[in-house]
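*Asks:*
Residue numbers (the numbering used here): 73 to 328.
1. Which residues does DSSP list as the beta-bridge partners of residue 134?
2. Below 8 Å on the Cβ atoms is my contact criterion, and I expect residue 203 with residue 277 to pass it. Report the Cβ-Cβ distance as a whole number of Å.
3. Quick check: the region 185-199 against the region 135-151, are at least 3 beta-carbon pairs closer than 8 Å?
4. Consult DSSP for residue 241 and reduce its assignment to one of helix, strand or coil.
5. Can you name the residues that DSSP bridges to residue 279?
6. Give the straight-line distance between the Cα atoms of residue 87 and residue 251, rounded to the nearest whole angstrom.
7. In whole angstroms, give me the CA-to-CA distance for residue 233 and residue 281.
8. With H, G and I counted as helix, E and B as strand and the rest as coil, what does DSSP make of residue 186?
9. Which first and last residues belong to the beta strand (DSSP E) in which residue 164 is found?
10. What does DSSP give as the partner residues of residue 156 in its beta bridges?
11. In chain order, what residues of the same chain lie with their CB nearer than 6 Å to the CB of residue 121, ignoring the 5 residues before and after it?
12. Using the C-alpha atoms, what's the distance from residue 166 back to residue 119?
13. Which partner residues does residue 149 have in the DSSP bridge list?
14. Tell me, please, which residues DSSP counts as bridged to residue 270.
15. Can you give me the C-alpha to C-alpha distance between residue 104 and residue 264, rounded to a whole angstrom?
16. Would residue 272 pass as a contact of residue 247 if the rule is Cβ separation under 8 Å?
17. Please return the same chain residues whose Cβ sits closer than 6 Å to the Cβ of residue 206, not counting the five positions on each side in sequence.
18. What does the Cβ neighbour count give for residue 125, buried or exposed, with the cut at 16 atoms within 10 Å?
19. Can you say whether residue 189 is buried or exposed, counting buried as having 16 or more other CB atoms within 10 angstroms of its CB?
20. Identify the continuous alpha helix (DSSP H) that holds residue 84 and give its terminal residues.
21. Taking C-alpha atoms, which residue in 106, 177, 201, 209 lies nearest to residue 163?
22. What does the alpha-carbon distance come out to for the pair residue 177 and residue 186?
23. Helix, strand or coil for residue 125 per DSSP?
24. Span of the alpha helix (DSSP H) holding residue 203?
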């Protein structure tokens, strides 16, 4: 995980007008997605401390705290989750992979705690966007969120596939420039008519990827018994001809 001062910078950025808009758009997307996922337990892993899972019908929802000051009941390392195998129905990852040292290890832990056929929902910054083009300049200044390592959606999907997750959908949003000024900060889109009613071009500044965990099962292989069609019909019966010391052959009577 990033040092405490870097984590504080990221959380402060999410409180700026631009950061607030990003969270607002993502919250609107999650409010449409989460009601479709059912189960007993939901876990949120996020660089910011605000819950984003309010629309989920799952009764037991929890967040993993990253610092002692976080309000969460659980605190720990995302690379060593304090939960049993196959214990979470839904895991929500919110901009955590970009700001940690071991994103693949976090995904392995997420895979471990997710039940078979459970869902993982990942929100992240898209480097293939206008924000990605602006990232080198912001990184030179050392400002949040530009010092994070934005992960391409295709690369993240490849990592998920290796962990037996199948991609369900990917939704992209926030197509403007990253200008932290009120005139340039747009309104949160209304997704009340469904996500499919809005544009979903793959160069939005942020994405939300939904994947489902599939575990292969062993399939028994049954022997194939081929039907023997009149296998004995080609045989002949040898009979002896009386008084001549010779033999002749005659075909057997056909039987059906």
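Every residue gets a Cβ at the ideal spot worked out from N, C-alpha and C, and that includes glycine.
*Replies:* Walking through what the data contain:
1. Numbered from its first residue, the chain shown carries residue 134 at position 62. Looking at the DSSP assignment, residue 134 forms a beta bridge with 115.
2. Taking the first residue of the chain shown as position 1, residue 203 is located at position 131. Taking the first residue of the chain shown as position 1, residue 277 is located at position 205. Right, the Cβ-Cβ distance comes to about 4 Å (below 8 Å), so this counts as a contact.
3. no
4. The residue given as residue 241 occupies position 169 in the chain shown. In the structure shown, residue 241 sits in a strand (DSSP, three-state: E or B).
5. Locating residue 279 in the chain shown gives position 207, where the first residue counts as 1. DSSP lists 196, 244 as partners of residue 279.
6. Within the chain shown, numbered from 1, the residue matching residue 87 stands at position 15. Within the chain shown, numbered from 1, the residue matching residue 251 stands at position 179. Roughly 14 Å separates the two Cα atoms.
7. Reading the chain shown from its first residue, position 161 is the one you call residue 233. Reading the chain shown from its first residue, position 209 is the one you call residue 281. Distance between the alpha carbons of residue 233 and residue 281: 13 Å.
8. Stepping through the chain shown from its first residue, residue 186 is reached at position 114. The answer is strand: DSSP assigns residue 186 an E or B state.
9. Numbered from its first residue, the chain shown carries residue 164 at position 92. Per DSSP, residue 164 belongs to the beta strand (DSSP E) from 160-166.
10. Start at 1 with the first residue of the chain shown, and residue 156 comes out as number 84. None, per the DSSP bridge assignment.
11. For the purposes of this step, residue 121 is identified with residue 49 of the chain shown, where counting begins at 1. For residue 121, where only same-chain residues beyond five positions count, the Cβ hits under 6 Å are 142.
12. What you label residue 119 is simply residue 47 of the chain shown in a count that begins at 1. What you label residue 166 is simply residue 94 of the chain shown in a count that begins at 1. Taking the straight line joining both Cα atoms gives about 7 Å.
13. Here residue 149 refers to the residue found at position 77 of the chain shown. Per DSSP, 152.
14. Along the chain shown, read from residue 1 onward, the residue named residue 270 stands at position 198. Residue 270 is not bridged to any residue.
15. Here the question's residue 104 lines up with position 32 in the chain shown. Here the question's residue 264 lines up with position 192 in the chain shown. Each residue's alpha carbon lies about 8 Å from the other.
16. Along the chain shown, read from residue 1 onward, the residue named residue 272 stands at position 200. Along the chain shown, read from residue 1 onward, the residue named residue 247 stands at position 175. For residue 272 and residue 247, no; Cβs fall outside 8 Å.
17. On the chain shown, residue 206 is found 134 positions in, with the first residue counted as 1. Answer for residue 206: 250, listed in chain order.
18. Taking the chain shown and counting its residues from 1, the one referred to as residue 125 is at position 53. Result: buried.
19. Working through the chain shown from its first residue, we reach residue 189 at position 117. Result: exposed.
20. Your numbering for residue 84 matches position 12 in the chain shown. Unbroken alpha helix (DSSP H) run through residue 84: 76-85.
21. Position 91 of the chain shown, counting from 1, holds the residue named residue 163. Selected option, being the one with the closest Cα: 106.
22. Along the chain shown, one-based indexing puts residue 177 at 105. Along the chain shown, one-based indexing puts residue 186 at 114. Cα to Cα, residue 177 sits roughly 14 Å from residue 186.
23. What you label residue 125 is simply residue 53 of the chain shown in a count that begins at 1. If DSSP states are grouped into helix, strand and coil, residue 125 belongs with coil.
24. Along the chain shown, read from residue 1 onward, the residue named residue 203 stands at position 131. First-last of the alpha helix (DSSP H) with residue 203: 202-213.
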